[in-house]
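Number of protein chains: 2
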Amino acid sequence: MRVASMNKKILPSLTDHLPHVAYDAVIFGFSGSQLKILLLEYHNTGLFALPGGFVSRGEDLDLSVSRGVQARTGLDKLFLEQFYTFGDVGRASPGHMKRILEANGYVVEQGHWLLDRFISIAYYALINYDDVKPEPDSLSDSINWYAVGELPQLMMDHTKIVDVALRSLRLHLDTHLAGRNLLPRKFTMRQLQQVYEVILGEKLRRTTFQRKILGLDILERHEKQFTGKPHKAPYLYSFKSHATDYLSI
Amino acid sequence: MRVASMNKKILPSLTDHLPHVAYDAVIFGFSGSQLKILLLEYHNTGLFALPGGFVSRGEDLDLSVSRGVQARTGLDKLFLEQFYTFGDVGRASPGHMKRILEANGYVVEQGHWLLDRFISIAYYALINYDDVKPEPDSLSDSINWYAVGELPQLMMDHTKIVDVALRSLRLHLDTHLAGRNLLPRKFTMRQLQQVYEVILGEKLRRTTFQRKILGLDILERHEKQFTGKPHKAPYLYSFKSHATDYLSI
DNA sequence: AAATTATTGTCTCAATTTGTGACAATGACA
DNA sequence: TGTCATTGTCACAAATTGAGACAATAATTT
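Chains A and B, in that order, give the protein sequences. The first sequence begins at 111 in the working numbering and counts up by one. The second sequence begins at 111 in the working numbering and counts up by one.
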């Protein structure tokens, strides 16, 4: 019974979704001093791609994206930011799409709307790495973390999308409190600095960074964190709840 | 003959364009120390709107926009920047759209694709005010400059779009050399400062501004500009041709 | 021809911010 | 007790920015 229902997969239908409109999500997490993103790997194809989806006809764009990313990460509260819309004709790669669908047991007739040209609105999400359970193959794909900078080859223009996402994140780093969204509630100054370094792609000076951040008066200091390492234990910090303000490095 | 052909207007057809996808353009110009934008006023309706259009099926999004804005401004080289995509369901206002079309002599049956929901990709353009001829009512609308801050009420969410455009322009002011695109080739230091002030929405200090800009070494100094006014004549400047660099105030 | 007026280009000094290194204070472990 | 790596802070130098002063200068007026 279960097998039968597995085989009778249902493709997203055109009556429910806007044709030619899709979204892609670059979901950032921070772990082991690396910036990582979530990638799908399609079964039996070796193709990697950003998680994405379609826009429901009666639904706000933001909400469609939000629901889609929530489904993939299991998180109910997300920091989501739209950063660019990709609309070149050359984006479409019906060959890949067909291969993916067929590798998953679908029969796709020629001219199917999924094989057509799509305009894709791209979002990035900043999430706390540890909050996501790496359980998540929804429907027919598995999903895993990959360090930015060590990404496998991606489908279509997805490498470019990640590129633009990073540039955009860098640009908004100061206004979006990236640290707050990429780190657990309590964190050390060093962790925060690493987030900044990895996003900006450059080393920062420890003392200057610390002075600057503390000077902004957006952090609360908590107890020390004893890790068992043979050296002074750092304080833990959290963002003050009202710290929506700027944070410019 | 001419009248007959005028009456036989042709609506954009669905076979040529992507359904549910549109673009809107916020076209900035600088004149009389004011930042202005181009608005359409639809005949017999009193409705104001941003210039916009649809995306041709076989054409890159950027190109569709570029062609559309070129047609409206008569400019062949444009500084165009995509800044946000608006996708709420509530954007649609089929009532207005129908009124506009009917006021222009079209017969629009219910359920026509133009009355449907649209995702709109918004761009802003920076152009030299004096280069645009204010001749331009294309097809059925007249187009004119309005000072930002003194805009009439706009259709749909267009006021919000202008808002976001301004915020985005402000954010990118330093990397996009707004001055280069909003001013004529030769300009005075005061004019450049006014561009910055009007975009940033704050007064800047003359001496600091001058020192900063000159320090960036992106301007070339030319002859003085004698205006007939009873005071020292300012120098004219132009951007060095390779000045694609940053310009942070 | 000299005084007037509004604006411009440049300089100076103070105030602020940032760069750079020094240094004592720790936790764990040998 | 001493060693080690790392942290929190401070102190001073260097660079940037704020704020005003001031002479230079096109027209116009006296």
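Heads up, the beta-carbon is just placed ideally off N, CA and C, and yes, glycines get one too.
Note to self: With a threshold of 8 Å, are at least 3 pairs of Cβ atoms found where one atom belongs to the segment 278-290 of chain A and the other to the segment 187-201 of chain A?
What the structure shows: yes
Margin query: Measuring only from the beta carbon, is A:G168 closer than 7 Å to any heavy atom that is part of the ligand SAH?
Written below: The ligand SAH is absent from the structure shown, which contains no ligands of any kind.
Next item on the list: Report yes or no: do the segment 292-304 of chain A and the segment 335-354 of chain A share at least 3 C-beta pairs separated by less than 8 Å?
Entry: The answer is yes - the segment 335-354 of chain A touches the segment 292-304 of chain A, with three or more Cβ pairs under 8 Å.
Notebook entry, point to check: CB A:Y234 to CB A:F319, shorter than 8 Å?
Noted result: As a working note, residue 234 of chain A is residue 124 in the first sequence. As a working note, residue 319 of chain A is residue 209 in the first sequence. Not in contact: A:Y234 and A:F319 (Cβ atoms no closer than 8 Å).
Next item on the list: Determine the chain A residues that contact B:P161 at a beta-carbon separation under 9 Å, and present them in chain order.
Entry: Residue mapping note: residue 161 of chain B aligns to position 51 of the second sequence, counting from 1. The contacting residues do not exist; B:P161 stays about 18 Å from chain A at best.
Note to self: Give me the chain B residues within the contact set of A:H130, using Cβ-Cβ distance strictly less than 8 Å, ordered along the chain.
What the structure shows: The residue you call residue 130 of chain A lines up with position 20 of the first sequence. The answer, in chain order, is L128, P129, H130, V131.
Notebook entry, point to check: Taking DSSP as the reference, what is the three-state secondary structure of B:K350?
Noted result: Within the second sequence, residue 350 of chain B is the residue found at index 240, counting from 1. B:K350: coil per DSSP, three-state reduction.
Check: Are the C-beta atoms of A:D355 and some chain B residue less than 8 Å apart?
Finding: Start at 1 with the first residue of the first sequence, and residue 355 of chain A comes out as number 245. Residue placement at A:D355 is flagged as unreliable, the pLDDT there being 37, under the threshold of 50; the coordinate-derived value follows with that caveat. No, its Cβ sits nowhere closer than 8 Å to a Cβ of chain B.
Check: Where A:Q195 and A:A232 are concerned, what is the direct C-alpha to C-alpha distance, given to the nearest angstrom?
Finding: The residue given as residue 195 of chain A occupies position 85 in the first sequence. The residue given as residue 232 of chain A occupies position 122 in the first sequence. In the sequence as displayed, the identity of residue 195 of chain A is Thr instead of Gln. Going from the Cα of A:T195 to the Cα of A:A232 covers about 6 Å.
Notebook entry, point to check: Relative to the alpha-carbon of B:M207, which residue among B:F140, B:Q303, B:H153 has its alpha-carbon at the smallest distance?
Noted result: Translated into positions along the second sequence, residue 207 of chain B becomes position 97. Selection B:F140, B:Q303, B:H153 evaluated against B:M207 yields B:H153 as nearest (Cα-Cα).
Margin query: Looking at B:L128: is its Cβ nearer than 8 Å to the Cβ of A:H130?
Written below: Taking the second sequence and counting its residues from 1, one reaches residue 128 of chain B at position 18. Taking the first sequence and counting its residues from 1, one reaches residue 130 of chain A at position 20. Yes; because the gap between Cβ atoms is below 8 Å, this pair is in contact.
Check: Cα-Cα, which of B:I147, B:D126, B:P122, B:A132 is closest to B:A257?
Finding: If you number the second sequence from 1, residue 257 of chain B lands on position 147. The residue with the shortest Cα to Cα distance from B:A257 is B:I147.
Margin query: At a CB distance below 9 Å, what residues from the segment 144-171 of chain A approach chain B? Give them in sequence order.
Written below: V165, R167, G168, E169, D170, L171
Notebook entry, point to check: Using the beta-carbon of each residue, which ones in chain B are nearer than 7 Å to A:V199?
Noted result: Position 89 of the first sequence, counted from the start, is the residue given in the question as residue 199 of chain A. Ordered by position in chain B, the residues that pass the 7 Å Cβ test against A:V199 are G168, E169, D170.
Check: Would you report the Cα separation of A:K118 and A:E212, rounded to the nearest angstrom?
Finding: For the purposes of this step, residue 118 of chain A is identified with residue 8 of the first sequence, where counting begins at 1. For the purposes of this step, residue 212 of chain A is identified with residue 102 of the first sequence, where counting begins at 1. Summary for A:K118: the model assigns pLDDT 47, below 50, so the residue's position carries little reliability, and this model does not support an answer.
Item checked: Own chain, CB closer than 7 Å to B:S358, minus 5 neighbours either side, in chain order -> Locating residue 358 of chain B in the second sequence gives position 248, counting from the first residue. Bear in mind that a pLDDT of 38 at B:S358, under 50, signals an unreliable position, so the number given afterwards is only what the model happens to contain. So the list reads D284, once near-sequence residues are dropped.
Check: Is A:G178 closer than 8 Å to A:G168 when the C-beta atoms are compared?
Finding: As a position in the first sequence, residue 168 of chain A is number 58, starting the count at 1. As a position in the first sequence, residue 178 of chain A is number 68, starting the count at 1. Result no, Cβ atoms of A:G168 and A:G178 do not sit closer than 8 Å.
Notebook entry, point to check: Cβ of A:Q220 less than 8 Å from any chain B Cβ?
Noted result: Taking the first residue of the first sequence as 1, we reach residue 220 of chain A at position 110. No, its Cβ sits nowhere closer than 8 Å to a Cβ of chain B.
Item checked: Buried/exposed call for A:I271, threshold 16 Cβ in 10 Å -> Counted from its first residue, the first sequence places residue 271 of chain A at position 161. Around the C-beta of A:I271, 16 or more other C-beta atoms lie within 10 Å, and the residue is accordingly described as buried.
Check: Curious, which full-length alpha helix (DSSP H) runs of at least 4 residues does the segment 166-241 of chain A contain?
Finding: 171-183, 204-213
Notebook entry, point to check: Nearest chain A C-beta to B:I309 closer than 8 Å, yes or no?
Noted result: Stepping through the second sequence from its first residue, residue 309 of chain B is reached at position 199. Cβ-Cβ to chain A under 8 Å: no for B:I309.
Checklist line | Cβ neighbours of B:E280 in the same chain (closer than 8 Å, five flanking residues each side left out) | finding: For the purposes of this step, residue 280 of chain B is taken as residue 170 along the second sequence, with counting starting at 1. Per the sequence shown, residue 280 of chain B should be read as Arg rather than Glu. For B:R280, where only same-chain residues beyond five positions count, the Cβ hits under 8 Å are I309, L310, G311.
Notebook entry, point to check: How big is the Cα-Cα spacing for A:K397 and A:F349?
Noted result: In the structure displayed, chain A extends from 111 to 359; residue 397 of chain A sits before or after that span and is not available.
Check: Based on Cα-Cα distance, which residue from B:D240, B:I253, B:L236, B:N254 lies nearest to B:H67?
Finding: Nothing can be reported for residue 67 of chain B, as the shown portion of chain B is limited to 111 through 359.
Next item on the list: For B:E330, name the three-state secondary structure that DSSP assigns.
Entry: For this step, residue 330 of chain B is matched to residue 220 along the second sequence. Assigned with DSSP and collapsed to three states, B:E330 falls in strand.
Check: When the distance is taken between beta carbons, is A:L157 closer than 8 Å to A:A135?
Finding: The count along the first sequence starts at 1 and reaches residue 135 of chain A at position 25. The count along the first sequence starts at 1 and reaches residue 157 of chain A at position 47. No. Outside cutoff.
Next item on the list: For A:Q220, count neighbouring Cβ atoms within 10 angstroms of its own Cβ and tell me buried if that reaches 16, exposed if not.
Entry: Taking the first residue of the first sequence as position 1, residue 220 of chain A is located at position 110. So A:Q220 ends up on the exposed side.
Next item on the list: Would you mind sorting B:R277 into buried or exposed? The rule is 16 or more other CB atoms within 10 Å of its CB.
Entry: Along the second sequence, one-based indexing puts residue 277 of chain B at 167. Counting Cβ neighbours within 10 Å, B:R277 comes out exposed, since fewer than 16 surround it.
Check: Do the CB positions of B:L171 and A:D226 come within less than 8 Å of each other?
Finding: If you number the second sequence from 1, residue 171 of chain B lands on position 61. If you number the first sequence from 1, residue 226 of chain A lands on position 116. Going by C-beta atoms, B:L171 is not nearer than 8 Å to A:D226.
Next item on the list: Go ahead and label B:H332 buried or exposed: buried means 16 or more other beta carbons lie within 10 angstroms of its beta carbon, across all protein chains shown.
Entry: For the purposes of this step, residue 332 of chain B is identified with residue 222 of the second sequence, where counting begins at 1. Answer is exposed; the Cβ neighbour count stays below 16.
Check: According to DSSP, which residues form a beta bridge with B:S252?
Finding: Position 142 of the second sequence holds residue 252 of chain B. According to DSSP, B:S252 bridges with B:E151.
Checklist line | Backbone CA spacing between A:D240 and A:S166 [nearest angstrom] | finding: Residue 240 of chain A sits at position 130 when you count from the first residue of the first sequence. Residue 166 of chain A sits at position 56 when you count from the first residue of the first sequence. Near 30 Å, if we compare the C-alpha coordinates of A:S166 and A:D240.
Item checked: Three-state class that DSSP yields for B:F336 in the structure shown -> Locating residue 336 of chain B in the second sequence gives position 226, where the first residue counts as 1. Looking at B:F336 - three-state DSSP - the assignment turns out to be coil, as it is neither helix nor strand.
Next item on the list: Give the secondary structure of A:I120 by DSSP, where H, G and I count as helix, E and B as strand, and everything else as coil.
Entry: Locating residue 120 of chain A in the first sequence gives position 10, where the first residue counts as 1. Coil, per DSSP.
Check: Run through DSSP, which three-state label would A:D284 get?
Finding: For the purposes of this step, residue 284 of chain A is identified with residue 174 of the first sequence, where counting begins at 1. The answer is coil: DSSP assigns A:D284 none of H, G, I, E or B.
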